[in-house]
Structure formats: C-alpha cells, structure tokens
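What follows is a short report on a single structure.
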Amino acid sequence: MNFPDKDQPLRLDVGMLGALLGDVLREQGGEALFARVEQVRHLAQQHRDLLQEQDAPLKRFLQDLSPPEMLEVVHAFSAY
C-alpha cells in the first residue's frame, strides 16, 4: 500500500504503538500468544490484500485454536 507523505508521522506512531503492544503481549501472555496473534494478523492481512473469495487459511487457523487459546487471542485483539 502506498500512503501520502503527510501520513508518515501517523504511520510511525502506529508502528511504535504496535511494537509496544507486542511487548505487552509477550510479557503478559508469553511468546506463544504473541505468535498466535501475529499469525492471525498475517492471515487477515493476506486475505484482505489478495481479495480472496476463500478465507480457508484464516478460518482453518482459528478453528484449530483451543477455547482457552481463542479467548486469549480475542482479548489480545481487543487491545488493538
């Protein structure tokens, strides 16, 4: 994606806040939670960017999470 130059300061702030959130997720939930959240983010971005009709990879990943893992991921995304 291309963004106007005027949005650069905002993008830097968003990046910094994302990094801080990642640090908090690691500290509070561990590396495994952080990895799950990052995987969901990656699959969701891929789905969006490719305009896929099929959401199989994201859907499959989410369906394979245990209920406690799903709850952690939902809590993590509520911080975004």
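The opening residue of the sequence shown carries number 74 in the numbering used here; numbering runs sequentially from there.
C-beta atoms are modelled at their ideal positions from N, C-alpha and C, and glycine is treated no differently.
Note that this is a predicted model, so its numbers are computed, not measured.
Of the choices 112, 149, 153 and 148, whose alpha-carbon is the least far from that of residue 137? Looking up residue 137 in the sequence shown gives position 64. When each option's Cα is compared against that of residue 137, the closest is 112.
Runs of alpha helix (DSSP H) wholly within the segment 95-134 (minimum 4 residues, chain order): none
Close beta carbons around residue 99, own chain, < 6 angstroms, minus the five adjacent residues each side: Here residue 99 is taken as the residue at index 26 of the sequence shown, counted from 1. Only residues of its own chain outside the window of five on either side were considered, and among them 107 have a CB closer than 6 angstroms to the CB of residue 99, listed in chain order.
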